[in-house]
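Chains as they are written, first to last, in UniProt numbering: chain X, 1 to 213; chain F, 1 to 213; chain C, 1 to 213; chain H, 1 to 213; chain S, 1 to 213; chain U, 1 to 213. Down below is the structure, laid out as structure tokens.
Number of protein chains: 6
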Amino acid sequence: MASKMVLPLFFVFSVLASFSHALVQDFCVADLKSPDTPAGFPCKKVSLVTEKDFVYSGLGVAGNTSNLIKAAVTPAFTAQFPGVNGLGISLARLDLAVGGVIPFHTHPAASEVLLVVEGTICAGFVSSANTVYFKTLNKGDIMVFPQGLLHFQINSGKGGALGFVSFSSANPGLQILDFALFGNELPTDIVAKTTFLDPATIKKLKGVLGGSG
Amino acid sequence: MASKMVLPLFFVFSVLASFSHALVQDFCVADLKSPDTPAGFPCKKVSLVTEKDFVYSGLGVAGNTSNLIKAAVTPAFTAQFPGVNGLGISLARLDLAVGGVIPFHTHPAASEVLLVVEGTICAGFVSSANTVYFKTLNKGDIMVFPQGLLHFQINSGKGGALGFVSFSSANPGLQILDFALFGNELPTDIVAKTTFLDPATIKKLKGVLGGSG
Amino acid sequence: MASKMVLPLFFVFSVLASFSHALVQDFCVADLKSPDTPAGFPCKKVSLVTEKDFVYSGLGVAGNTSNLIKAAVTPAFTAQFPGVNGLGISLARLDLAVGGVIPFHTHPAASEVLLVVEGTICAGFVSSANTVYFKTLNKGDIMVFPQGLLHFQINSGKGGALGFVSFSSANPGLQILDFALFGNELPTDIVAKTTFLDPATIKKLKGVLGGSG
Amino acid sequence: MASKMVLPLFFVFSVLASFSHALVQDFCVADLKSPDTPAGFPCKKVSLVTEKDFVYSGLGVAGNTSNLIKAAVTPAFTAQFPGVNGLGISLARLDLAVGGVIPFHTHPAASEVLLVVEGTICAGFVSSANTVYFKTLNKGDIMVFPQGLLHFQINSGKGGALGFVSFSSANPGLQILDFALFGNELPTDIVAKTTFLDPATIKKLKGVLGGSG
Amino acid sequence: MASKMVLPLFFVFSVLASFSHALVQDFCVADLKSPDTPAGFPCKKVSLVTEKDFVYSGLGVAGNTSNLIKAAVTPAFTAQFPGVNGLGISLARLDLAVGGVIPFHTHPAASEVLLVVEGTICAGFVSSANTVYFKTLNKGDIMVFPQGLLHFQINSGKGGALGFVSFSSANPGLQILDFALFGNELPTDIVAKTTFLDPATIKKLKGVLGGSG
Amino acid sequence: MASKMVLPLFFVFSVLASFSHALVQDFCVADLKSPDTPAGFPCKKVSLVTEKDFVYSGLGVAGNTSNLIKAAVTPAFTAQFPGVNGLGISLARLDLAVGGVIPFHTHPAASEVLLVVEGTICAGFVSSANTVYFKTLNKGDIMVFPQGLLHFQINSGKGGALGFVSFSSANPGLQILDFALFGNELPTDIVAKTTFLDPATIKKLKGVLGGSG
């Protein structure tokens, strides 16, 4: 009798499930070749999606910290990891060599949680009330940085440090303060008026950071 | 004097209303031929939209319950009813013959309200705390099933039952537990490890539900 | 050996599930005695929640249509059905006697889908572009009314009509045009200036609808 | 030594900033030629965006108030000002000559704040509970009109009045009551049934406002 | 016969409207004495709400620009104007004397539109890609600043300037760069490491801005 | 002259910043003693908030895997880590001993990204279309699991495995399939009807998992 059931049951579930196939928007793997929208990229066709779209291996490789800040950020945002498109989440890897620093920056569109996997990191943020909240984090500690606020991370240990940061957006954005102020063509006198720094300091940093004006 | 008013008043309102025409996004009838986005399908041109886009008659027809579960689900989601695209709401029809059952399932993207129109339905859901909330519903009763939780509906009366379910999304998704576990190629040993069911049971259900592996 | 497994397995799942108990916000049954918030009412304690909080029987009773509009609306919003609080969905029942009318109204905070369960209803809405979309609906038909737009329902059949409406909010609001214009103390001259109706018409309707001024 | 730093520091920040370039969705200037989506228009390519996309001068010009309502509304919504697409904000200018009136209307998709820049405006709205909140506003006063509710503005001073309104949406919509009721082809008998106005009044206003039926 | 209609019609609408009264959450005037929530403050009782809750006159008064930046910001956020609570919109007034500057700052939780009412303002913002978008704005011009990005406003004319800014949040937040970096107790060496400024510059600005460490 | 500037500049910024203090809702550290709301817990007073509220050390300790599934989940959700309240993000730690398994489960309110920090994990999810996406992940790999879908993680390596999961909600919920089906008092005949499992299997698992009925 069980064998008699097989076909009808299969049929039933096919009926029940048939509209699922047509409707699936459980996910929306980004078609990066199409123009973006305010809610994210249009979706790749479901029939072309494979398990590879949901996995990313780029964070397994240490970033190059042979640079002045002795640090590197490796993102897994929509552009690198199209599977997170529309899902409100993304990750990045932080490598900090001895003395490494991630300078003051903001993410305009996301809150962040830092997880320390190796080493010791001094991290902090400044609130709208200009209160500073900062603390030295050890392996296994996590710290949250609320959306849009200036924050930093410094390797405060004797060896290298490794962290992973999670964001509450597939596309959190990143505005590095020094680069925003000095790494473009905004005229020195405007920077001076709007930062209270003297023109000489500004011009020096513009030179270092590739800005002009 | 009234006739003198006609032109100016008409003119005024034309001015007032002119920008409305260009801006209308009161609704966004889905253009199902375009690729989906995380917020729904692109909109059909307003000039092509008619009252028919906002009406759907497919729920007026009973689903075929001549199957093992003696039940049928007829959806009016974006794919069937493009007028709800972007509006955060959709409906479906439930037909349950005597003994009919809608097995355990979830809607990943929506809460649901069931309205019993005919008959008696025993319905319930399980919370994250694993508490079961279930109750026998009579004609006119409504029950809410919070987003993403496992729930079921059983015809517990002596005749047929008819219900309509509303969702808090134009595209609520549907994951039927048995089909998700047994209706695909997920290897039996993985199913066994992740469900605590024995391989024989799994293989039997895979056979019934069209799965393999 | 199976008996040996019982305790450890139970223990495991207890561990896995223990944090669920503390965290459960699968739902948030409204505590209507607390002050509302922009996101809905504070939640009733989970330990006090029962299956009754998720079921409402008030829509099973026909509304009283012995009135001038020969119609009645029976809501199941947060205030009547606290189980929908925070879940983005609610329902209402429409009873329309022969000749019954639900006059022009809006829901400021929700889109609506009407399901006709008995009879024939002529329903329509007006877009921001002032286009009217209206259609006669028969049993089983559904029609969507996008958020915030003026819409109406008229019993256009020879017998009574019964409909159920679903909303994309637990608290959709309801602004009935005539009542908004004429059922309060807004001075007649202001109503006249802002509606182009003549004062006599306004005063008459104010009298009928309980307004003054 | 400072000169030695230049290249590496520039290199560092280039690395840090390189993924920003690819990911930027700080903004999404509307490509108005593409079809709209429920979340707004697709984005213009970042490489084509200039500062002009974020500035609009159309509100600097007074609207033409030589009309019956002696008032004009000049919008800066997505269609006029594509830079606000996806950013949840837009503006409009209100010009009211002596005796000018913005008749009862709603914005289905946004709350509004009115700022009086010149003159005196009597403004008000009606809640779902049919309570009227209205007040005379002077230069510098602001008033908020919650989403989707009927509201009006009247020049109640002896000279002209100028206001600017802000909306909580890039595309707030606008439904002017009289135009919605009388400026289209909705049959007079339906308007009569759904507004309690008599057919003669309706036909007269239809004539004035360009409606028929 | 009309007189016979009066009572029933009034009765009808009372029935229709009765549930409105209980359900009204068209608005949620902030009860600032209660603790805030992630969605805004709990609501003042509707019975205590008056038209005064929806109007604010504080922006009618010029801010005091007798200070070093020759500028003043006067907010109308939830704390000053409780009527906007939960409505996703707020305003502020900018007064800029000759030479006045609103230094670089961000709003972590809102996009902003600036309207120039008097004078000439040079305004700009920096994107995540470090591109600067800036432009000189004249009376009547508006400019949008996307959420979370660094931006500034400078009086670039020969007389005073007056602007009003609108935000896409009732509580946009405000982080003034100089104050965030130098107006608190963040140790100088941490500021130096995270900004590339030299300690002497930092200590000088800390002194000026009231910071220590 | 610089010393003359000190007071006015400090004064200026105090003025600019003064309203920030009153308005700060950059964050909303949960006051767990107050009743929850649909948007999260009410906020702890800002004056009582310290840097400790934004840091959590509980994920630095390995979970106890001496149990049948040889695995442990350690959450850092709002209940454990009140600093994430309202910020749309949270984390958890996964410890999997050799042979360890996180059985099929869903998070009703969040998407998840898994980061493998040690070992090898076979992870997968099932879509609404019943397609299985699963893959073996090595150290440094990340995988995304879209909201509300059934998913699992299995230690497929020869040693222990360690992972961290991030969620797009401060309170993602957790519904473990076996516990939901068998760890409560839902009657065996209902479970049988709604899962197609035979009563003997159900009763056995109920015994193991602490359920009854």
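In this text, a Cβ means the ideal position worked out from N, Cα and C, and glycines have one as well.
- Within the same chain, S169, P172, G173 come within 6 Å of A109 of chain X by CB-CB distance, once the 5 residues on both sides are set aside.
- Note that the C-beta distance between H107 of chain C and F152 of chain C is not below 9 Å.
- Sequence-distant partners of I154 of chain S (beyond 5 residues in either direction) whose C-beta falls short of 6 Å from its own C-beta, in its chain, are V101, C122.
- By the neighbour-count criterion, in which 16 or more other beta carbons inside 10 Å mark a residue as buried, K44 of chain F falls on the buried side.
- Beta-bridge partners of T74 of chain H (DSSP): H:R93.
- Taking a 10 Å sphere around the C-beta of V98 of chain U, we find fewer than 16 other C-beta atoms and assign the residue as exposed.
- Residue contact check for N67 of chain H against chain X: no CB pair falls below 9 Å.
- Among the residues facing chain F, N85 of chain U is not included, as its CB has no counterpart in that chain under 9 Å away.
- Only exposed fits K158 of chain F, as fewer than 16 other CB atoms lie within 10 angstroms of its CB.
- Membership of L209 of chain F in the alpha helix (DSSP H) is indicated by the continuous run 199-209.
- According to the DSSP assignment, T120 of chain C belongs to no beta strand (DSSP E), since it is labelled neither H nor E.
- What L59 of chain S touches in chain H, judged by beta-carbon distance under 9 Å, is L115, G140, D141, I142, going in chain order.
- Against chain U, a Cβ distance below 7 Å from V73 of chain X picks out nothing, because the smallest value is about 15 Å.
- Fewer than three beta-carbon pairs drawn from the region 113-131 of chain S and the region 190-206 of chain S are found closer than 8 Å, and the two stretches are therefore not classed as touching.
- Here A72 of chain F is near D95 of chain F, since their CB atoms are less than 9 Å apart.
- Listed in chain order, the non-local C-beta contacts of D141 of chain H below 7 Å within the same chain comprise V116, local neighbours out to five positions each way being set aside.
- Here DSSP, grouped into helix, strand and coil, assigns I190 of chain F to helix.
- Taking a beta-carbon distance threshold of 9 Å, T50 of chain S does not count as an interface residue toward chain U.
- Counted as a single uninterrupted DSSP element, the alpha helix (DSSP H) harbouring A180 of chain X occupies residues 177-182.
- Against chain U, a Cβ distance below 7 Å from K135 of chain X picks out E51, V55.
- Listed by position along chain H, the residues whose Cβ is nearer than 8 Å to that of I190 of chain C are C122, G124, F134, F152, I154.
- In the DSSP assignment, A161 of chain S falls within the beta strand (DSSP E) that extends over 161-167.
- In this structure, the straight-line span from the alpha carbon of A129 of chain U to that of G40 of chain H is close to 28 Å.
- For K135 of chain H, the pairing in a beta bridge is given by DSSP as H:A123.
- Under the 9 Å criterion on CB atoms, G88 of chain S is classed as interfacial with respect to chain H.
- For V165 of chain X, no chain S residue has a Cβ inside 7 Å of its Cβ, as the nearest lies near 16 Å away.
- According to the DSSP secondary-structure assignment, F81 of chain C is paired through a beta bridge with no residue.
- When 9 Å is used as the limit between beta carbons, T37 of chain F is near these residues of chain H: T37, P38, A39, P42, in chain order.
- Between the region 79-92 of chain H and the region 160-168 of chain S, the count of C-beta pairs closer than 8 Å reaches three or more; the two stretches touch.
- Secondary structure of L115 of chain C (DSSP, three-state): strand.
- Around the C-beta of N138 of chain H, fewer than 16 other C-beta atoms lie within 10 Å, and the residue is accordingly described as exposed.
- Within the same chain, Cβ atoms closer than 8 Å to the Cβ of P103 of chain X are found at I69, F152, I176, L177, D178, the five residues on either side in sequence being excluded.
- The C-beta of P199 of chain H comes no closer than 9 Å to any C-beta of chain F.
- Assignment of F104 of chain X by DSSP, reduced to helix, strand and coil, places it in the strand class.
- Short of 7 Å from the beta carbon of L209 of chain U, and not among the five residues preceding or following it, lie these beta carbons of its own chain, in chain order: D178, F179, F182, G183.
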